[in-house]
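In UniProt numbering, the protein residues as written are 1 to 348. Right, one structure below, let's go through it.
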């Protein structure tokens, strides 16, 4: 009897244990089923952000009476001719850069790895208005499956893709912008003066990760949400384009065409849009590149080693080679508060 009772108690305990396990499993399954799926940005990695989570409200400063409120827009194409190389004619003229840091170009067609600023004078151009300036920025790539994970910035990346013979973070197909616009703006506090020929300009910091980010100027958004701006790679909704905005400094010291760090001679406006003391407002250049990529696509810009292809390192350069008469027309348009384009002011 005692043996039979003990067996029944053991059997009952086993049944109860199985019931508890089953209920717990069922609860976990129900909880898991009710959990929202991870967002597309979370699946892509920490450098990506859903544009709908980015605060809006971006706006340029309101102008004062007498300020330069006009705009001038012109067409230099979108680099459909594939003008690309590793050069940086502003920072290291006459020298090629690292093979994993490729630039897209519009404007001056002579810009190459052996170019200097002076050698650009007289070069042919892609600009419809006769502007012979050079404009360049890092290419954007879509990444092969399984590549492009962005590691912890504290961890060095030395891995190689043995099949391709290149660091995995630098693989991927270069993407051509579906549109590229160039616009000069005035200044919300004062009139502007002409840019001198061969003035160099830098925006952003190609080594922002190791530099601490103080000079970073990366700006990303989506075509349907231009007031939502971020320093991360945006994940846009269906039918939207990924947009890169390059706003250049526009307060010139009135003396130099360049400086040791390629920044001190041409600086950004202060809060409110005015220029610092002892500087003069020149036309403010904005480049806008738009890309048509399916939602969920992993993409990144070319970057130097150790920067982990961070969106924070986005940057651009230009060298001014506007003909003097065309620059004068641009300044007149901006100071008069007019909306102009390359059909209003053209030099052949």
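Even glycine gets a Cβ: it sits at the ideal position worked out from N, Cα and C. This structure is a prediction, so every number in the text was calculated from the model and none was measured.
One alpha carbon belongs to residue 269, the other to residue 275, and they sit about 5 Å apart. CA-to-CA, the gap between residue 64 and residue 187 works out to about 9 Å.
Apart from sequence neighbours up to five positions away, the residues of its chain that approach residue 43 with a beta-carbon distance below 8 Å are 296, ordered along the chain. Ranking 132, 172 and 120 by CA distance to the CA of residue 139 puts 172 first. Within the model, the alpha-carbon separation for residue 121 versus residue 196 is close to 14 Å. In the same chain as residue 220, and ignoring 5 residues on each side of it, the C-beta atoms closer than 8 Å to its own belong to 229, 230, 231, 232, 233, 234, 242, 243, 244, 245, 311 and 314, in chain order. Here residue 201 carries a strand assignment [DSSP, helix/strand/coil]. C-alpha of residue 293 to C-alpha of residue 45: approximately 17 Å in a straight line. The stretch 94 to 109 makes contact with the stretch 130 to 137; the number of CB pairs closer than 8 Å reaches 3 or more.
Between residue 206 and residue 303, the CB-CB gap stays under 8 Å. One alpha carbon belongs to residue 66, the other to residue 337, and they sit about 9 Å apart. Straight through space, the alpha carbons of residue 339 and residue 68 are spaced by roughly 11 Å. Across the set 282, 204 and 286, the C-alpha of 204 shows the shortest separation from the C-alpha of residue 261. In the DSSP assignment, the residues bridged to residue 107 are 134. Look at the beta carbons and you see the stretch 43 to 62 not touching the stretch 92 to 106: under three pairs across the two are nearer than 8 Å. Taking C-alpha positions only, residue 89 is separated from residue 113 by approximately 8 Å.
Within the DSSP secondary-structure output, residue 142 pairs in a beta bridge with 173 and 299.
A distance below 6 Å between beta-carbons, with the five flanking residues on each side excluded, links residue 51 to the following residues of its chain, in chain order: 222, 225, 228, 234 and 236.
Residue 76 has its alpha-carbon roughly 8 Å from the corresponding atom of residue 125.
Taken atom to atom, the span from the alpha-carbon of residue 48 to that of residue 218 is near 14 Å. Taking the C-beta atoms as reference points, residue 117 is found no nearer than 8 Å to residue 331. Less than 8 Å divides the Cβ of residue 258 from the Cβ of residue 200. By the criterion of a C-beta distance shorter than 6 Å, residue 266 is surrounded in its chain by 201, 249 and 252, once the five residues flanking it on both sides are discounted. For residue 325, the enclosing alpha helix (DSSP H) starts and ends at 324 to 335. Our two residues, residue 99 and residue 137, have alpha carbons roughly 15 Å apart in a direct line. Within the DSSP secondary-structure output, residue 49 pairs in a beta bridge with 234. Distance between residue 181 and residue 285, taken at the CA atoms: about 10 Å.
When the beta-carbon positions are compared, residue 175 and residue 291 come within less than 8 Å of each other. The C-beta separation of residue 141 from residue 299 comes to about 6 Å, placing the pair in contact by the 8 Å criterion.
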